[in-house]
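Working notes, structure below.
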Amino acid sequence: MCGFTHPQPQSTYRLHRQVQRIQQTMAKQSHQKQTPDFHDKYGNAVSARGATLCVAGWTYSATETGIEWNRMAPVPCRQRYPKEGQD
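Quick note: the sequence shown uses this note's numbering, first residue 6, plus one each step.
This is the structure we're talking about:
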């Protein structure tokens, strides 16, 4: 013998019953017709309105408040000269 012992028939039966119960519960839940909740009914509309409000707010902030934005002005390139004595 290699030292492996088979589980007791009673514990195997309990495990089998537990797996069956889980499978039955999952089957019941998958076959139930779920009623739409708030997010199912209004989720897309609320998201679209939120995005519209966000874009409108940033557009107003960018154009009407008088903030001067840093527009990444071109930085002049500096020539680098070698130090004396190095070629």
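All C-beta atoms, glycine included, are put in the ideal place defined by N, C-alpha and C.
Would you tell me roughly how many angstroms separate the C-alpha atoms of residue i and residue j, rounded to the nearest one?
i   : j   : result
T64 : E73 : 14 Å
S52 : V60 : 12 Å
A32 : T68 : 56 Å
A56 : Y47 : 14 Å
R54 : T40 : 24 Å
L20 : Q13 : 11 Å
R22 : D45 : 36 Å
Any Cβ of chain C within less than 8 Å of the Cβ of residue i?
i   : result
Q15 : The structure shown has no chain C; it contains just one protein chain.
Cutting at 8 Å between CB atoms, please list the residues of its own chain near residue i, excluding the five before and the five after it.
i   : result
S66 : I72
With respect to 7 Å, is the separation between the Cβ of residue i and the closest non-hydrogen atom of the ligand MN below this value?
i   : result
Q39 : Absence of the ligand MN from the depicted structure is noted, as is the absence of any ligand whatsoever, leaving it without description.
Leaving aside the five residues before and after residue i along the sequence, list all residues of the same chain whose C-beta is less than 7 Å from its C-beta, in chain order.
i   : result
Q34 : none
- Query: Which ranges would you report for the beta strand (DSSP E) in the region 36-60 if only whole runs of at least 3 residues count?
  - Reply: For secondary structure counted as the beta strand (DSSP E) over 3 or more consecutive residues, the region 36-60 holds no complete run.
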